[in-house]
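Worksheet: the structure to be examined is printed underneath.
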Amino acid sequence: MDSSVPLLLLLLMCSSIMVEAQLKVYNLRASNLPTVILLTTDAYVTVSSGSTSLGKTSVRYNDPNPWWYEEFSYFYAEENDMLTLEVYDVDLLFDDQLGVCQRQLKVGTYQHDCFLTKGGTLHYTYTLG
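The sequence shown maps to residues -21 to -1, 1 to 108 in mature numbering (1 follows the signal peptide of the UniProt record, and there is no 0).
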C-alpha cells in the first residue's frame, strides 16, 4: 500500500475539523452619526456571531460621536463565521437602523472602520483566538 494514502486521509480529516475559539468584540465607537432636524442620534449597537446574538450596548444619548465601554465575548466562534454589528438610533415608535457592518472572522486581532448607510462610521476591534 502506498504510504501517502494514510497521510492524505489524515490531512483530509484534519482540514474538516472546525476549531472553536473565543471571540471578543470591544472598543466600539462611532463618529459623525447623522443629525435630523436638530436632533442628535441616540445610538446603540447590536452584536452577533453567525446566528448567535451576543447582546447590545447601552444607548448613548445626544452624541454624534459615542463610545461604548461594553465588551462582548463568545466561546464558540469559528473562523469564517460572520460577525455582524448593527447600529440603531432610538426613536419613540421604532428604532431606525443606521447601518450594518459584517465581516468574516479570521484568527487574530483586527481593528475595522465601517461606513454606515445613513451616515457616520462605526469603529471596532475584535480578537479571535
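Heads up, the beta-carbon is just placed ideally off N, CA and C, and yes, glycines get one too.
- In the DSSP secondary-structure assignment, Tyr105 is bridged to Val4 and Tyr89.
- Taking C-beta separations shorter than 7 Å and ignoring five residues to either side along the sequence, the partners of Asn59 in its chain run Gln83 and Leu84, following chain order.
- Fewer than three Cβ pairs drawn from the stretch 42 to 52 and the stretch 70 to 78 lie within less than 8 Å of each other, which leaves the two stretches out of contact.
- Taking a contact as a CB-CB distance under 8 Å, the pair Gly108 and Leu12 does not count as one, their CB atoms being some 31 Å apart.
- Secondary-structure assignment with DSSP links Gly29 through no beta bridge to anything.
- Val38: not part of any beta strand (DSSP E); DSSP gives it neither H nor E.
- Tyr23 is classed as buried because its beta carbon has at least 16 other beta carbons within 10 Å across all chains shown.
- With respect to the C-alpha of Val4, the residue from Leu77, Phe94 and Met61 having the closest C-alpha is Met61.
- Listed in chain order, the non-local C-beta contacts of Asn44 below 6 Å within the same chain comprise Ser10, local neighbours out to five positions each way being set aside.
- DSSP, reduced to helix, strand and coil, places Thr96 outside both helices and strands of the structure shown, so it counts as coil.
- Distance from the Cα of Asn41 is smallest, within the candidate group Thr19, Ala(-1) and Ser28, for Thr19.
- As DSSP reads the structure, Val24 sits in a beta bridge with Val66.
- Our two residues, Leu64 and Leu17, have alpha carbons roughly 26 Å apart in a direct line.
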